[in-house]
Amino acid sequence: MTQVQTQPQIKSNAGSKDIFTLAPLPYDYAALEPVIDTETMKFHHDKHHQAYVTKLNEALLASERAVPDTLEALLSEISKWPDAVRNNAGGHWNHTFFWSVLTAPQKSGKPSPALGAAIDKAYGSFAKFTEAFQKKGETQFGSGWAWLVKTADGSLEVLSTPNQDSPLMDSAEQSGTPLLAADVWEHAYYLKYQNKRPDYLKAFWNVVNWEAVSLNFEGASNALKRH
Ligand code: MN3
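Below, the structure written as C-alpha cells:
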C-alpha cells in the first residue's frame, strides 16, 4: 500500500556516469500473461525502456545545463531542453509509470470507492470511461500514449499524447497528474496483437493495477503541487 511503488520518484545521481538508471520491473516478465506476453515485456523493458534511459543520459551529458534533481522536475521545464532530452526523458518517465500501473490479471482489482465515484461523475459509468480511454488510444495517430489524468481543478480527463510526450511536460497541450497510462506504440503489443491496437486496448483492462491507480488519484493534488 505504499505510494513509493506507484509514484515513481526518480532521483538524479549527478556526478556519477549514469544520471538516471533503469529499475527492474516491479514483477516478473511473465506476470502479465496472457494479456501481455513475456517476450514483449522482456523487449519492452530491457531494450526499449533501457534505450530511453541510455539516450537520456547521453543527451544530458552532451548539454551544458544543470540537470534537475528529479525526472518530474526535468519534465516540468522540458521546453528549455533539446528534443533528444524531451523524447528520452518522456520515454523514461512514461515507461516507469506504465509498469507501476500494471499487475497480474488476478490482482487487477477495482477502482477505490472515491476513484469509482469520480469516474462515474465524469463519464456516467465505468464502461463509458473505458470506452473513452480506448478511443483515445485507438485514435492517437502513430505512436503515443493514452492517459487518465487528474487536472488542476480535481476533475478527471482522458487524453492522448504523441511520441513520448507526457501531461507533466510544461509544453503539454493538456496537462494533469497521470493516474493511468496505456502505451500505444506498436512495440507494446505487436508480437501478440499484431496491428490490432483495439484488441490490445480492450485486453489492457485485465492487467490494470487499480490499487496503484486509486493511490495515484488520492495523492494526485499533492503530486501536482510538487512539480
Ligand atoms: Mn513503450
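If you're matching positions, the sequence shown starts at 1 in the numbering used here and goes up one per residue.
For every residue, glycine included, the Cβ atom is placed at its ideal position computed from N, Cα and C.
{"query": "Taking the C-alpha atoms as reference points, what is the distance between residue 122 and residue 134?", "result": "16 Å"}
{"query": "For residue 122, name the three-state secondary structure that DSSP assigns.", "result": "helix"}
{"query": "Ligand 1 heavy atoms versus the CB of residue 23: any closer than 8 Å?", "result": "no"}
{"query": "Tell me which residues share the same chain as residue 90 and place their Cβ nearer than 6 Å to its Cβ, disregarding the 5 neighbours each side in the sequence.", "result": "164, 165, 166"}
{"query": "Which runs of the alpha helix (DSSP H) fall wholly inside the segment 19 to 83 and span at least 4 residues, in chain order?", "result": "38 to 42, 50 to 62, 71 to 75"}
{"query": "Rank 178, 210, 170, 182 by C-alpha distance to the C-alpha of residue 78 and give the top, closest one.", "result": "170"}
{"query": "Look up residue 144 in the DSSP assignment and give the residues it is bridged to.", "result": "162"}
{"query": "Okay, do the segment 81 to 97 and the segment 49 to 61 touch, 3+ Cβ pairs below 8 Å being the bar?", "result": "yes"}
{"query": "Contact defined as beta carbons within less than 8 Å: I believe residue 25 pairs with residue 53. What is the distance between those atoms, to the nearest angstrom?", "result": "About 14 Å separates the two Cβ atoms, so there is no contact after all."}
{"query": "Strictly by DSSP, which residues pair up with residue 183?", "result": "145"}
{"query": "Going along the chain, which residues of its own chain have a beta-carbon closer than 8 Å to the beta-carbon of residue 228, five neighbours each way excluded?", "result": "A question about residue 228 goes unanswered here, because the residues of the chain that appear run from 1 up to 227."}
{"query": "With distance defined between alpha-carbon atoms, name the residue in 96, 106, 129 nearest to residue 48.", "result": "96"}
{"query": "Mapping DSSP to helix, strand and coil, what is residue 150?", "result": "strand"}
{"query": "Spell out the partners DSSP gives residue 177 in its beta bridges.", "result": "150"}
{"query": "Tell me which residues share the same chain as residue 29 and place their Cβ nearer than 8 Å to its Cβ, disregarding the 5 neighbours each side in the sequence.", "result": "38, 41, 42, 45"}
{"query": "Check the DSSP bridge columns for residue 236 and list the partner residues they point to.", "result": "Lying outside 1 to 227, the shown extent of the chain, residue 236 is not represented and no answer is given."}
{"query": "Applying the criterion that 16 or more other CB atoms from any shown protein chain within 10 Å of the CB defines a buried residue, is residue 142 buried or exposed?", "result": "exposed"}
{"query": "Within 8 Å: the Cβ of residue 183 and any heavy atom of ligand 1?", "result": "yes"}
{"query": "Who are the near neighbours of residue 140 in its chain, counting only those whose CB is closer than 6 Å to its CB and skipping five residues on each side?", "result": "160, 184"}
{"query": "Three-state secondary structure (DSSP) at residue 168?", "result": "coil"}
{"query": "Just confirm the distance between the C-beta atoms of residue 104 and residue 27, as a whole number of angstroms; I'd bet it's less than 8 Å.", "result": "7 Å"}
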